[in-house]
Structure formats: C-alpha cells, structure tokens
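*Asks:*
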Amino acid sequence: METVAVKTDPVTGLHSWTWHSPLPLECTSHSAHIRARNQQSVSQWSPLQTIPGWDIPEKSESNMFPQDKVVPVGSNMTFCCIVKEKEDFKEIMYGRQEMSATRLSRRTYAITATNQPVSGNTGTNVICCSQRLTLTGAVVFVGYPPGDEGLVCETRDLASAECSWKKGRDTGLRMRRSRTKYTLNGRDCLEANERKRWWCSSKAWEQSWTLVARNPLGTVHLMDSAQLTDRVHLLAPVNVTAVEVKAWSATLQWSWSVAAYKKLEMVCQLQLFAHELNSTRNYSGPGLSSVVLESLWPDVDYTVTLYCGSKHGFWKWGDKSAPYRIHTKMDRPDALDVWMWMDSSNTGCVFWKPLSVRKSHGALVGYEVSQSSAEEDGWTPVSLPPGNFSYPIILNNGSDITVAVAARNPAGLSQPSTVTTPAYRADSQLSMSELLSTNGSFVLSWQPNANASSGYAVEWVPTGCSGLCPVDWKKVPESDSSFTLNSDSLVAGVRYTVSVYALSTGAPTLLQRWQGYSQEMTPSQSVRELLPNQSGSDVLLSWKATAMENQRGFIRGYTIYLANAAHLELIANISDPEVQSYRVKGLSLSSYKFVVKAYTSAGEDAGATVAIKMEMDTADMLFVGILVPLGIMFCCLILISICCYKKREWVKKAFYPEIPGPKVPGDWSSPQGPLDVKPSPHSLVHIVESPEWDFTKEGLFPVPEEEEESENDNIEVDADSDEPALLRYYNQVVGDGSHGNQVSDSSGSSNTSVDSTQTEITYAGIQSPTSSQGACGGGGYRPQMQSVIGPAEPQIEFEADFQDDGLHAGYKPQCSWQLDSPEAENFSGSLGSPTSVTSSQFLIPESSEEKPQPSNTWFHNFLSGKS
Amino acid sequence: MAGRSANGRHGLRGHAGRTAALARLLHKDCIQLLELYRNSESLPSSPVDGDYLVSIPPLVPQLSDEEKISILHAALKECLRLLEDVITREDAEFSDEDSEYKRKRKTVRDRLGHLLASTEQLLVDGQKFEAKVKEELDGQAASGSFGLKMWIVRVLQDLVHWTGQTSDTLHSMPAEMEKAPKTMSRRTRRGAGKIRK
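Chains A and B, in that order, are what the protein sequence lines are. Start counting the first sequence at 1; every next residue gets the next number (UniProt numbering). Start counting the second sequence at 1; every next residue gets the next number (UniProt numbering).
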C-alpha cells in the first residue's frame, strides 16, 4: 500500500497516477484499488481492479517477459517464465548461467539478473526449460549509450561538405533496432547508418554542423563550425607525367579532377624517392599543375609522389597522387681521383678510385689512361675495361712521367685527371717516426708547405708491401695541415706506412712519413730460429724476430721463460727488441726447456720453445773418464806390489812351493853330462794362446822360420786366425823326422819344425805335481805330463807314439806334448789348449838355476825376492 | 542407420551413389550447423517445443523408392526456402560479422541446392509431391528475438531430420535403380534426337 498526493488535471478534472512495476505486469495478475484521504478522513476502497497476467488458464502456452529489452550495462532486471499448462518447470538460464528462480504463481517463475554485462552480437538469451524441452525465452540487449566524438567537416570540391567523427566506445548493441542512428543537421546520415563509414556528406557547405548520435540507451550531440576556405582538403592530382626529362632536371605535369581547383592558390609538396637520394620539394601557385624538378642526378630512377593543399587557410595536405617513375638521362662522368705510387725508383702504379653512382652519371664502359714523358712528345692512350682501377708505370731513364686517366660512359669521357710520378723514397732512406693510433685512427699533422699549391695527399699502404698493394690515399685541401685517418680504412694488426705529399703542378713532394698500427695485436707467430748453445754451465739462446707481417705490432721486447712441468718461470725480460740473444748462466747438468716470447703493446705471442740437455765439458770428461780411473788403477797396483813385497814369503809358499827332488834308485846325483835343451834354430813353433778360450780356434800354429827371423812382434801366424800370439812356444820335437809328415797344415814350415832339437817353454802358471795326468813315457822319470784335452784318438796315438819314442830314444826328462797327430785338425785342437803348454813344475832342478831362463827371469826374481 | 554406411548396402554407384554420398555429407553438415548455432547462442541441447516445420505425406512402405525420393525432394526444397529466410532475417536483425557458424550456414545452403538438383534427376516423371510448412517465420518473429532464434533452431532441426531421411532413403535404394537416371536419360535421349534432326 502506498500513499501519494495526486493533483487534479485542470482540464479534464481527472486524477491520474502511474506506477512502475519492477516485474512485468504480464508475469502474473495484478490487482489495485484506491481510496481518497483528506487529512483524517478516508473514503471507502474502490472496487478491486485486476490486470490479468499471462498465467491465467486462458493463456495456456509458455511465455517469458520482458522481451527484447535494451538496458545499460550494470543494470538489474527481473525476468519471469510462465510455464505452459501440464508442463513442469526445471530452470531459467541467463546466458550460460543457471539462475535461482522464484515461483510467483502456479505457472510463473521469476529471476533477477543483477549488474548485467555487455551482451554478445545477438543479445543475451534468458531461457526457460522444462525437464525435456526448451519452453520459452527472451533476449535482453545490454550495452552502452553512443560514445561518438570529434566531428570535423571539410570540403573536397570547394562546394559540398564531408563530416567525419570518431566512433568512440562500442555500444555493444548490434541488433538493427538498437544500433546507433545518426543525423547531420537533422538529416539522416545514410553512410553511417549503414555502418560503412563514420562520416556524412552534405551537398552544400553550411556554417555550422550538428551530428546527433542516438541509440535506445542515449543520445550524443556533436558540433562543428568553420569557413569553407579553411577546410579545403584537396583531392589527389591525376595524370601525372614527365614531359621533359634531362640529365639534371625534369618537367612534371598533372591535372585536377575538380575544375574549381584551377583558381585556388595552392601549395604542393613533391616527394622524390631514389636510392639514397630521397628529397621533398615544395612548390606553390594558383591551380598548380606543372613544376620543373631541378638538381636531379643523371641516370637515376626517381619515383615521384605529389600532393597539394590550399595555400590560404591551409587545412591539411590533400590526397597523394599515384607514384610516378622518372629516369634521368646520363651525363659525362666526373673527374677521377688519381694517385701514383712508386714501389721502386723506376716502377710504380697509377691508381684511381671507382666513381660512385653520383659521380659516374651512367654505367662506365671503361677508362682511358694516357702517359707522357719529357722525352717523348704527345700522349700514349690505353683503354682499360671498367673493372680496372690501376695501371703499371715504368720509368725510362729515370725521367718523370705524367699520367692522365679519364672515365668513359655512354654519354662521353670525363675530364682527365693527371698525376706525375713522385720521387721514390725507400723507407730505409727516411727516418720515420712511429705513429700511434687514437681509438684505431691515425691523427696526422704536418708543417704547411708553401709548394703545396694543389693541397696535400695522404697516402697509406701496408709496410713492406710489394706488387699489388692496397694503396689508398686522400687528398687534402691546401688550407689543411692535418688529417684523421679513420679506422674503417685500416686493418688491425697491419703496419702502415703513411706518407704526406705536397701537391703542385709538378711531381708530388714527400713531406713526411710515419709507420704505425691502427691497432696493435699480439704477434701471430713466434720468434724464428731459436737455438741454444751450451758454453760450460751457460746456455746462450739466440733467435730471430718473426717476419713483419706476423708481428702485428711494434716488437717491444722479448721475455725468456724456463718451462717447468706446470708453469713458465720468467727468467729475463729484454726490453730492447734489437737484442736477440740471451745467456742463461749457472745451469747444472740437466735438461732444460726455454720459451722465448716476443711482445707488443697488445701482449706476448705464443712463444717458441727450445730444449737442451746440459753435458759435461770435453776436458772434464777426459779428466774424469780416463785419468782418474788410470790413477786409481795405478795406485792399486802400487799397493798390491807393496803388499806382495811385504808378504813375499807367504806368496812364494802359496804360489811357488818347494818342489821335492826326485827319489830314484841308484845314483842320480851326478849326471853324466849336461842336458842340452837348446832348441834348434830351425825348429820353431809358435803357440798362440787366446785370452779367451775358444773351442773353435786353435792357438798353436807352426811359424815359418823366416817370419821368426824377421823379428816382427805381431806375427801373423795363420791366415784364418786374428788372435794375437800371446804365447810363444818352442818345442823340441822328441821324435824323428817321421813325425813331420803327420803335420798336414798348410804352413810349410811345419815340416821344418819337426826336426827341432831345442824347446823353449813359456809358463803361464804353476802346477802342482799332483795335477799331472797320464805319463809321457813308460820308462824313466816324468815329472809332469800335460795331457792334451782334445779328441781321444790323437791322445791315444800320442801315447802310442810316445811309447814308441821311449823305446827308441834314451832318457827324456819330460814329455809334455807330442806332435804326433796325423790329422791337422786334431793337431790344431791340441795346440789350442792353454793347459797343454802349462806346467807347474820346473823342468830344471834348482841346481841348474844358473842356466839362463830368458822368458821369465824377472818374474822369477820377483817371486824369489831377487832384484 | 545401416543405410548411411559407406555406399549403402546395395553398393550404389553412379549418379545415385553420388547423390547418396552428397546427402550423407549434407546431413553431417546440418548436424554441425545446429551444434554451432546452439553453442554460439548458449542454447540447451534439449529440443525446441514443437513438431517439424516441414510436413510431408507419410513414407509408407507401399511407396516406391522413386516416390519416396520425390516426397523427400519436396521436403528439402521447403527446407532450402526456410534456410534462405533464416539467412536473410538473421543478417538483417543481428550482426553481420563473419563467424564459423555463418561459413557453415553458407556451405549447407550451397550443398542443399546441389542435393536438390541431384535428386531431381532421380524423380519419376509426372509425379509431383508437395511439402507443407506448418509455421512460417512471421508468426514466430512476433514473439521477439528469442522467437526468431527458436524458429532458426527449428529450421536447423528440420534440416538435420530431412537430410537424414533423404540420405537413408537414397542408401536403401536397390542397385538397379541407378543404372540410368530415368529423367536424365530420357531428356538426354530427347536432346540427342533433337540434335540428330
């Protein structure tokens, strides 16, 4: 129940009051009655008036309310679903969201959507469903009022108007009936209403403009006012053509699609596009339709774009014309930049720099080089293809040559550039200063020269280069006396020779020359020919600097390292690069490895390594290796001699015991005569004993008598034997000449030796009597008998012969050896045994010691203590 | 749906086979179109209250295959008309922005036209059947935008139904029927005779 104050309509005298229901009245039946109140008095209620809803039995179908409402974003709204008769209710969906429904009547259910978001393209569906069917639904369009702004009107034809604006925020309302409608000064804006463009046109210009944008949620009014002349937006020029194209200029013409433009004072802007030649030019005039394009470059493709605007009350540039292409004609090339570089006193090369597109004025077809000398009249021209940028020069008789070079393209020949041979000055002839770089660049300055009437030329070339060298130069005006050689024309790690010449009408004059690196680097190669030379306990290391192209910087010095297992030990730093040797002193006998590194301002190179093993000096070796052992040996011998002398009695007992005299029956005390043992001078046998026992070589050889007589100590006794004769044995052959036939050795002297009657024996040792084996004969005393160690057969024969000899001869005091073997080999084998000639007993008793013993006298004397 | 298997149980070949394949392809397109529309409008998958819009005489077994094709042809013809109405009304009322649904809608319209042209060649001369549309668009549109949307759904449901019926019928046709399309063959013969004269 609600109490309101209602006034009477003065015309009709009726009372009226409107009530807005939050719920659509169709959802269910609504009843109302009214009564009047005047202060404290209240009338009776009027009869109940009922507005029937759509849920009455007469309307049995399903329905939803409200339908197709357009509401602003964020608003709240109540929807009701009237379920058809005999159908159940399941849910109400708001879009994809299931809503909580409230039952209003038997068939009516309601939901309330709060803070509604903007709808999609076709609105937001609210759907009422039963368990099996989609019963009914409604669509709500949630969006924004119009957001358009910025109305601007202008003219394109100096008569009509075109107004445009910004659309602003999307309303979100895309249904036809809820789209934004536009009117311009009260007239429908067809273009915008069809949603093609956000502009409206008017056939006539008006001083002020009003745009009304309206949709179900709101209305926007946009205003604009301006004079027509202040809002001229020209259309694009048409039919743009170049009527006259030259090498350096062109005339451009165009026309206008609007006749009224011909009287309009306009300004035009022309854009020229070419490779690195873009430019913009302005032109003005009434009804401008032609301009002359000056300062073009020959043989260049230009693309021209043109647009214009009103000069008075300029509003904006008009539309651009379609791009138009212009290709300018060719022209003669510019003069070349020419330089001459001498690599010797009579050879050099003329260089010229390639012309840029701006200077060639057309594709070059070649170069023409002409040269003249003082001795020859006229010029000698040579044509070169366009890829050549140098030409060799040879001076005859040392006279200067002037060379002229010109470039040719289809349009003609350039002005020739001349250069005269500069005097060759070798680097060695000059005292060049070292040029230090600044951030990779060389900053050069020199004393101005009065002869430099044509300026200066700065030339730079890799030092020491010969042949095809990358000579580069730059010509400097005479007003300048400094130049910065940038790093982009230099290579790091390359030594450059930089020269400054004074240019005049004659030959260039060298003013100054430097050498330097734009950026020093470590040497790319190590020092060369690193050699160690031992001198006593010192080692002298010597080397040579690496080639200049590998130095990559000024060599500032050398460092010498001793390489250990894991690291390098710095032993010297030579800061003078001219010193290329170093003496390492006081080294002990061992192996050493030295590393020598050259260094520039950028650092050291990888280093060259050399190894040396320290060895003893030759004099030391002689002293230590020979004299010292000899001395020691000599001392030992003296000591042994002294010792033996002191102990001579013991030695004699130990090594030369007394030999008991023979005990024989009868009277042997006085021999009947002396025993003559003097060997026959014609029966000599050399017995050669090898210091090492060798079964394969025999030591006893018959020696020719003649050789014995030659008194040669190194007697060559046998052609097959190279062993020295250590033992000389004169044996008296006991047998007669029959034994000589048994010796079949190749030596012919064997036959003569068998007749020897005198035997000389050299004793190599002393044997005890008990060591004797066998017997020399069956009769008489035999103090010793040295058996022959050899084949059994010869010994048997030997014994047999001995028996025979014993029978035929008288007493034989001993029989140590018999040359009875018929076989030469057996004979030689027997002779080879040293034991075969060794006896420990003296054949001559002591009573006969006065007899001379030539072979061992001193030794006997020594042992016996006689001097 | 055995008849909707590959080339049918009788192994249709030639024109009838191609028509059956086209009908099966169109049926799938219609199912996808309905699904796309339901997704874009956030509509539940439950059917819309009401019968099919297009009605035809019952396809009793006594009818020959040719007669069934003729009846279904009439139904498809009405479906095409309804679809074109949908397109016109939809583009007028709602946003004309491009969408997958609209691309598929155009595909269905084009293929439905091709199917009608193709089935027309299988019709029996002299026999003409007509289909009826129970509810036209105007009555539905009066109930607002939602009514229009529901009517679109019903048109799409009809498309699914009648293209399915046509596909089944074409695939159940005996092989001998499609030896030579009668209408086409007669027309061809007549045309050929005219050319000979």
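Note that CB positions come from ideal geometry on N, CA and C, so glycine has one too. Please read all numbers here as calculations on a predicted model, not as lab measurements.
1. Any heavy atom of the ligand HEM closer than 6 Å to the beta-carbon of residue 110 (chain A)?
2. Determine, using beta carbons only, whether residue 225 (chain B) comes closer than 7 Å to chain A.
3. So what does residue 269 (chain A) bridge to, in DSSP terms?
4. Taking 7 Å as the CB-CB limit, is residue 155 (chain B) close to chain A?
5. Within 10 angstroms of the Cβ of residue 393 (chain A), are there 16 or more other Cβ atoms? Answer buried if so, exposed if not.
6. On the DSSP bridge assignment, give the partners of residue 516 (chain A) in chain order.
7. Thinking residue 101 (chain A) and residue 113 (chain A) are a contact (beta carbons under 8 Å), I'd like their distance in whole angstroms, please.
8. Counting along the chain, where does the beta strand (DSSP E) carrying residue 534 (chain A) start and finish?
9. In terms of alpha-carbon separation, which member of A:145, A:423, A:7 lies closest to residue 180 (chain A)?
10. Expressed to the nearest angstrom, what Euclidean distance is found between the alpha-carbon atoms of residue 608 (chain A) and residue 541 (chain A)?
11. Residues of chain A with CB closer than 7 Å to the CB of residue 97 (chain B), please, in chain order.
12. Please tell me whether residue 91 (chain B) has its Cβ less than 7 Å away from any Cβ of chain A.
13. Name the DSSP beta bridge partners of residue 104 (chain B), please?
14. Is DSSP giving residue 38 (chain A) helix, strand or coil here?
15. Tell me, to the nearest whole angstrom, how far the beta carbon of residue 442 (chain A) is from that of residue 493 (chain A); I am working on the premise that it is less than 8 Å.
16. Note down, in chain order, every chain A residue with its Cβ under 7 Å from the Cβ of residue 48 (chain B).
17. With DSSP collapsed to three states, give me the class of residue 74 (chain B).
18. Taking 7 Å as the CB-CB cut-off, is residue 136 (chain B) touching chain A?
19. So which residues on chain B does residue 176 (chain A) lean against when the C-beta distance must stay under 9 Å?
20. Could you give the distance in angstroms between the alpha-carbon of residue 149 (chain A) and the alpha-carbon of residue 46 (chain B)?
21. Run down chain A in chain order and give the residues with a C-beta less than 8 Å from the C-beta of residue 170 (chain B).
22. What three-state label does DSSP hand residue 815 (chain A) in the structure shown?
23. Might you give, ordered along the chain, the residues of its own chain that have their beta carbon closer than 8 Å to the beta carbon of residue 198 (chain A), omitting 5 neighbours on each side?
24. Quick check for students: name the residue ranges of the beta strand (DSSP E) that lie wholly in the UniProt domain "Fibronectin type-III" (523-621) of chain A, counting only runs of 3 or more.
25. On the DSSP letters alone, give me the boundaries of the alpha helix (DSSP H) that residue 449 (chain A) sits inside.
26. Can you tell me which residues form a DSSP beta bridge with residue 642 (chain A)?
27. Counting along the chain, where does the alpha helix (DSSP H) carrying residue 623 (chain A) start and finish?
28. So which residues on chain A does residue 144 (chain B) lean against when the C-beta distance must stay under 8 Å?
29. Determine whether the beta carbon atoms of residue 284 (chain A) and residue 267 (chain A) lie at a separation below 7 Å.
30. Using CA atoms only, rank isn't needed, just tell me which of A:630, A:83, A:445, A:357 is closest to residue 409 (chain A).
31. How would you list, in chain order, the residues of chain B whose beta-carbon sits under 9 Å from the beta-carbon of residue 869 (chain A)?
32. List in chain order: all unbroken beta strand (DSSP E) runs of 3+ residues lying wholly within the stretch 338-387 of chain A.
33. Short of 8 Å in beta carbon distance, which residues of its chain neighbour residue 263 (chain A), apart from the five on each side in sequence? Order them along the chain.
34. Am I right that residue 65 (chain B) and residue 169 (chain B) are in contact with their C-beta atoms under 8 Å? What's the rounded C-beta distance?
35. Of all the CB atoms in chain B, is at least one closer than 7 Å to the CB of residue 59 (chain A)?
36. Count the other CB atoms within 10 Å of the CB of residue 3 (chain A); is the residue buried (16 or more) or exposed (fewer)?
*Replies:* This is what the structure gives:
1. Looking at this structure, you won't find the ligand HEM or any other ligand, since it has none at all.
2. Outside the shown range of chain B (1 to 197) lies residue 225 (chain B), about which nothing can therefore be said.
3. Here residue 269 (chain A) is taken as the residue at index 269 of the first sequence, counted from 1. Among the bridge pairs identified by DSSP, residue 269 (chain A) is matched with A:282, A:307.
4. As a working mapping, residue 155 (chain B) is identified with position 155 in the second sequence. No, no contact with chain A.
5. By 1-based counting over the first sequence, the position of residue 393 (chain A) is 393. The residue is buried, with at least 16 neighbouring Cβ atoms inside 10 Å.
6. Mapped onto the first sequence, residue 516 (chain A) falls at position 516. Assignment of beta-bridge partners to residue 516 (chain A) by DSSP yields A:435, A:496.
7. Here residue 101 (chain A) refers to the residue found at position 101 when the first sequence is read from its first residue. Here residue 113 (chain A) refers to the residue found at position 113 when the first sequence is read from its first residue. Contact doesn't hold; Cβ gap of about 12 Å is too wide.
8. Stepping through the first sequence from its first residue, residue 534 (chain A) is reached at position 534. Run containing residue 534 (chain A): 528-535, per the beta strand (DSSP E) assignment.
9. Position 180 of the first sequence, counted from the start, is the residue given in the question as residue 180 (chain A). Out of A:145, A:423, A:7, A:145 has the C-alpha closest to the C-alpha of residue 180 (chain A).
10. Here the question's residue 608 (chain A) lines up with position 608 in the first sequence. Here the question's residue 541 (chain A) lines up with position 541 in the first sequence. Residue 608 (chain A) and residue 541 (chain A): Cα-Cα distance of roughly 11 Å.
11. Your numbering for residue 97 (chain B) matches position 97 in the second sequence. Simply 121.
12. Position 91 of the second sequence, counted from the start, is the residue given in the question as residue 91 (chain B). No, no contact with chain A.
13. The residue labelled residue 104 (chain B) in the question sits at position 104 within the second sequence. Bridge partners of residue 104 (chain B): none, in fact.
14. In the first sequence, the residue the question calls residue 38 (chain A) occupies position 38. Strand.
15. As a first step, residue 442 (chain A) is located in the first sequence; it is residue number 442 there, counting from the start. As a first step, residue 493 (chain A) is located in the first sequence; it is residue number 493 there, counting from the start. The beta-carbon distance between residue 442 (chain A) and residue 493 (chain A), rounded to whole angstroms, is 15 Å. This is too long to meet the 8 Å contact definition.
16. What you label residue 48 (chain B) is simply residue 48 of the second sequence in a count that begins at 1. Proximity of chain A to residue 48 (chain B) at the Cβ level (cut-off 7 Å) is accounted for by 134, in chain order.
17. For the purposes of this step, residue 74 (chain B) is taken as the residue at position 74 of the second sequence. Note: residue 74 (chain B) maps to helix in three-state DSSP.
18. On the second sequence, residue 136 (chain B) is found 136 positions in, with the first residue counted as 1. For residue 136 (chain B), the answer is no, since every Cβ of chain A falls outside 7 Å of its Cβ.
19. By 1-based counting over the first sequence, the position of residue 176 (chain A) is 176. Result: 92, 93, 94.
20. Taking the first residue of the first sequence as 1, we reach residue 149 (chain A) at position 149. Taking the first residue of the second sequence as 1, we reach residue 46 (chain B) at position 46. A straight-line Cα-Cα distance of about 46 Å links residue 149 (chain A) and residue 46 (chain B).
21. Indexing the second sequence from 1 puts residue 170 (chain B) at position 170. Within 8 Å Cβ-Cβ: nothing; residue 170 (chain B) doesn't reach chain A, min ~32 Å.
22. The residue labelled residue 815 (chain A) in the question sits at position 815 within the first sequence. In this predicted model, residue 815 (chain A) has a pLDDT of only 40, less than 50, meaning its place in the structure is not dependable; the value taken from the coordinates is given anyway. Per DSSP, reduced to three states, the secondary structure at residue 815 (chain A) is coil, with no helix or strand assignment.
23. On the first sequence, position 198 is the one that residue 198 (chain A) refers to. Contacts found: 148, 164, 165, 166, 167, 192.
24. Whole beta strand (DSSP E) segments, 3+ residues: 528-535, 538-544, 557-563, 568-574, 581-584, 591-600, 608-613.
25. Looking up residue 449 (chain A) in the first sequence gives position 449. Run containing residue 449 (chain A): none; DSSP gives neither H nor E here.
26. By one-based count along the first sequence, residue 642 (chain A) stands at place 642. Beta bridge pairing from DSSP links residue 642 (chain A) with no other residue.
27. Sequence index remark: in the first sequence, residue 623 (chain A) carries index 623 (1-based). Counting along the chain, no alpha helix (DSSP H) covers residue 623 (chain A), and no H or E run does either.
28. By 1-based counting over the second sequence, the position of residue 144 (chain B) is 144. When 8 Å is used as the limit between beta carbons, residue 144 (chain B) is near these residues of chain A: 67, 68, 138, 139, in chain order.
29. The residue you call residue 284 (chain A) lines up with position 284 of the first sequence. The residue you call residue 267 (chain A) lines up with position 267 of the first sequence. Yes.
30. Taking the first residue of the first sequence as 1, we reach residue 409 (chain A) at position 409. Ranked by Cα distance from residue 409 (chain A), the options A:630, A:83, A:445, A:357 are led by A:357.
31. Residue 869 (chain A) lies beyond the stretch modelled for chain A, which goes from 1 to 867, so this question has no answer here.
32. For the stretch 338-387 of chain A, whole beta strand (DSSP E) runs of length 3 or above, ordered along the chain, are 338-342, 347-352, 366-373, 380-384.
33. Within the first sequence, residue 263 (chain A) is the residue found at index 263, counting from 1. The beta carbon of residue 263 (chain A) lies closer than 8 Å to those of 286, 287 in the same chain, with the five residues before and after it left out.
34. Within the second sequence, residue 65 (chain B) is the residue found at index 65, counting from 1. Within the second sequence, residue 169 (chain B) is the residue found at index 169, counting from 1. Yes, they are in contact, since the Cβ atoms of residue 65 (chain B) and residue 169 (chain B) sit about 7 Å apart, within 8 Å.
35. Mapped onto the first sequence, residue 59 (chain A) falls at position 59. For residue 59 (chain A), the nearest beta carbon of chain B is not closer than 7 Å to its own beta carbon.
36. Walking along the first sequence from the start, residue 3 (chain A) turns up at place 3. It is exposed - the Cβ of residue 3 (chain A) has fewer than 16 other Cβ atoms within 10 Å.
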